[in-house]
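Quick note on numbering: full-length UniProt numbering labels position 283 of the sequence shown as 283, and the sequence is numbered without any gaps. Below is one structure, written out as structure tokens, with a few remarks after it.
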Amino acid sequence: MLFPPALLSAEEAASVKVKTFWDIRYSSSVELQDGKSGLADLYVPVFADDTLRENEDDIARNSDDASKAHSQNSSIKLTGRPRPAVVVVHGGGWLVGDKWSLGSYSKYLAEMGLCVLNINYRLAPYSKFPAQVDDVREALLFLTDHADELSIDRQRIGMFGYSAGGHLSALVGVMADEPGEVQITSSDWPIDDPRWKRLPKIAAVCAGGPPCDLREVPIDSEALSFFLHGSRRQFPELYTAASPTAHASAGDPPTQLIHGEKDLIVPIESSRQFAAALRSVGVSVALTVIENQGHLVTLMHPNTQNQVRDFFAEQLLGNDQ
């Protein structure tokens, strides 16, 4: 068994079913890059006392007709207890990757009683910053806009991401309480865009192996130009806008960071500095170090799985356990 038992009572664990809708469009404004970005897998926990109604003809699934599969969303109505929700964001250096890599985590979180939206987002270099950040925001809007149909508690929406996905989750989390003129430095949305007011308050962020301060990149390095348009000397404001550590403030959500001690891709100092910045302004933050592990192994390490489980159980499930 990949994951430890879910934090539900034995009776609830036996009765919960996870209904999965594959490749739904979470935003009509996110272009279908390579037929993948703008698509998400939706994991819906269905309890014994829930009623689920769905129109099978409208469910967006994989099919031979790609245009049909990617243009229609599921038509469902779930009645029952309001449940928390989580947006899940994959890694891949903003350059590669796919939602399937966090499919096991998504299913497990749904088995705990969370509604999960596991997304693909636009990738660099075709789409540069801040396209990826806005895609995560669009995913949050999907959950709030469909909260009634999916029986989602709008006050209990969190984010989980790993590597580049951890960076995007952390950045959206810390930017949420910033003044409008700061928020738009990480967005292509204009400051008066009505979507800003529809975004939910983020209740919890869990980020694994996240690069948190891109201002640490050597000033003339082109290493991140595929993502940030050029070097830090050329675009210092973009490197600041894209750095979660630069935006730590007292209104940020409770945060769980997980990092491999021997991570050579994203050194652990990234999470240590981010945790220190959050702690200095009074934000509830924990950093779990996975001893003797590197970047990739940490994702599937049992201690990582346990921390993800325990964090969302505490922050989002509360008395629902």
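Glycine included, each C-beta is placed from N, C-alpha and C at the ideal position.
In chain order, what are the residue ranges of uninterrupted alpha helix (DSSP H) at least 4 long that sit wholly in the segment 89-123?
Runs of the alpha helix (DSSP H) inside the segment 89-123: 103-111.
Can you tell me the Cα-Cα spacing of Val123 and Val266, whole angstroms?
This sequence places Leu at residue 123; Val is not what is there. Between Leu123 and Val266, the alpha-carbon positions lie close to 19 Å from each other.
Q | the segment 272-287 in contact with the segment 241-260 per 3-pair CB rule at 8 Å | A | For the pair of segments examined, the segment 272-287 was found to touch the segment 241-260: the number of CB pairs separated by less than 8 Å reaches three.
*Going by DSSP, what residues sit across from Glu291 in a beta bridge?*
None, per the DSSP bridge assignment.
Exercise. Counting pairs of Cβ atoms below 8 Å between the segment 196-205 and the segment 148-164, do you hit three or more?
Worked result: Yes, the segment 196-205 touches the segment 148-164.
Is the beta carbon of Leu109 less than 8 Å from the beta carbon of Val87? No, Cβ-Cβ distance for Leu109 and Val87 is not below 8 Å.
- Query: Is the CB-CB distance between Pro253 and Ala204 below 8 Å?
  - Reply: Yes. Within cutoff.
Q | Asp23 - containing beta strand (DSSP E), residue span | A | 17-25 is the extent of the beta strand (DSSP E) around Asp23.
Just verifying my parser: in three-state terms, what is the DSSP assignment at Met159? In the structure shown, Met159 falls within a strand segment according to DSSP collapsed to helix, strand and coil.
Whose C-alpha, out of Val172, Gly173, Ile191, is nearest the C-alpha of Glu181? The residue with the shortest Cα to Cα distance from Glu181 is Ile191.
Within 10 angstroms of its Cβ, does Asp255 collect 16 or more other Cβ (buried), or is it exposed?
It should be pointed out that residue 255 corresponds to Thr in this sequence rather than to Asp. Counting of Cβ neighbours within 10 angstroms places Thr255 among the buried residues, the total reaching 16 or more.
**Prompt:** Which value, in whole angstroms, describes the spacing of the CA atoms of Gly103 and Ala85?
**Reply:** Rounded to the nearest angstrom, the two C-alpha atoms are 15 Å apart.
Quick check: what's the CA-CA separation for Val308 versus Arg195? Approximately 29 Å, taken between the alpha carbons.
| In the segment 206-265, which residue ranges form an unbroken beta strand (DSSP E) of at least 3 residues, counting only runs that do not cross its ends? | Complete beta strand (DSSP E) runs here, min 3: 255-260.
- Message: What does the alpha-carbon distance come out to for the pair Lys68 and Ile76?
- Response: Here Lys68 scores only 35 on pLDDT, less than 50, and its place in the model is too uncertain to base an answer on.
> Which term fits Tyr162, buried or exposed, when burial requires 16 or more other beta carbons within 10 angstroms of its beta carbon?
Replying inline: Label assigned to Tyr162: buried.
query: Between the beta-carbon of Asn292 and the beta-carbon of Glu314, is there less than 8 Å?
result: In this structure, Asn292 keeps its C-beta atom at 8 Å or more from the C-beta atom of Glu314.
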